[in-house]
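Mapping of the sequence shown onto our numbering: residues 1 to 182, in sequence order. All residues carry an ideal CB built from backbone N, CA and C; glycine is no exception. Model, not experiment: these values are computed from the prediction. Contents: one structure, followed by commentary.
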Amino acid sequence: DEDMVFAGGSYVIVQKYLHDLDKWNAIPVEQQEKIIGREKLSDIELRDADKPSYAHNVLTSIEEDGEDVDILRDNMPFGDPGKGEFGTYFIGYSRKPERIERMLENMFIGNPPGNYDRILDVSRAITGTLFFVPTTSFLDSVEPQSAPGQQGDDVINTLRSTAIKGDIMPGSLNIGSLKKEV
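Shown next, in the form of structure tokens:
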């Protein structure tokens with residue numbers, strides 16, 4: 001059920017993963033290859049018959065109606081040797097957010113549940129954000145708002161007056177409030 005107003009846009013997920021390289025390097029190469037689903041030195045994908053169901057490339061391949069669906073994705077390695085911090089930035093683009101959600105569920109929960117992505121034994125996500133990127137034609141069709149600052153000033157004034165009165169803002173759980181107790 002795609003909203004035609006947003007047709008042609010993409011969902012973009014960005015995640016930062018940190019890897020425990022000492023733990024990874026302690027795993028025998030043959031097991032590393034099964035965890036990833038690829039040969040380590042050649043980067044050639046293992047034959048389907050040789051891949052365990054928990055292999056990263058098995059769990060992150062998404063099908064709909066028996067067909068592989070497209071998720072444009074890439075991992076970019078990074079490192080800060082001074083901090084001993086190494087990992088990857090993952091960026092994925094998809095037409096539908098459900099595809100990305102299913103990929104993440106397969107990795108973290110498993111498919112079936114419990115059959116999770118074993119790379120997570122040595123890697124952890126420390127950030128994650130999902131954005132919607134509309135088409136340029138959609139952005140071109142957006143009507144300009146009021147003069148810059150005018151609308152923002154109204155919002156700020158409303159927030160200030162509400163805070164002064166001690167009211168809880170709509171939608172606020174009032175967790176971590178700095179207001180004084182009376």
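The ligand COA heavy atom lying under 7 Å from the CB of residue i
| i | result |
| --- | --- |
| A55 | Summarising the ligand content, the structure contains no ligands, and the ligand COA is consequently not present. |
Enclosing alpha helix (DSSP H) for residue i [first to last residue]
| i | result |
| --- | --- |
| R124 | Careful: R124 lies outside any alpha helix (DSSP H), inside the beta strand (DSSP E) at 123-133. |
| E98 | 97-108 |
| I35 | 29-36 |
| L139 | 136-141 |
| L59 | 56-59 |
Whole-angstrom C-beta distance between residue j and residue i, which should lie under 8 Å
| i | j | result |
| --- | --- | --- |
| H19 | G87 | 5 Å |
Rounded straight-line distance, which links the Cα of residue j to that of residue i
| i | j | result |
| --- | --- | --- |
| T60 | M76 | 17 Å |
| P113 | D22 | 28 Å |
| T135 | M4 | 12 Å |
| Y116 | L139 | 39 Å |
| V29 | R99 | 31 Å |
| F40 | S137 | A small fix is needed here, since residue 40 is Lys in this sequence, not Phe. Approximately 43 Å, taken between the alpha carbons. |
| Q15 | G8 | 23 Å |
| R102 | I126 | 19 Å |
| A49 | D43 | 17 Å |
| Y89 | N106 | 19 Å |
| F108 | L120 | 8 Å |
| P52 | V58 | 8 Å |
| S141 | V133 | 14 Å |
| V12 | D68 | 19 Å |
| G92 | K83 | 27 Å |
Boundaries of the beta strand (DSSP E) in which residue i is found, first to last residue
| i | result |
| --- | --- |
| D80 | 72-80 |
Residue(s) in a DSSP beta bridge with residue i
| i | result |
| --- | --- |
| G92 | I13, R73 |
| E85 | D80 |
| L18 | G87, R124 |
| E67 | E64 |
| E39 | None; E39 has no bridge partner. |
Residue i classed as buried or exposed, judged by whether at least 16 other C-beta atoms fall within 10 angstroms
| i | result |
| --- | --- |
| L72 | exposed |
| E237 | Because the chain in this structure spans residues 1 to 182, residue 237 falls outside the shown range and cannot be described. |
| S123 | buried |
| I36 | buried |
| N25 | exposed |
| R47 | exposed |
| E85 | exposed |
| E64 | exposed |
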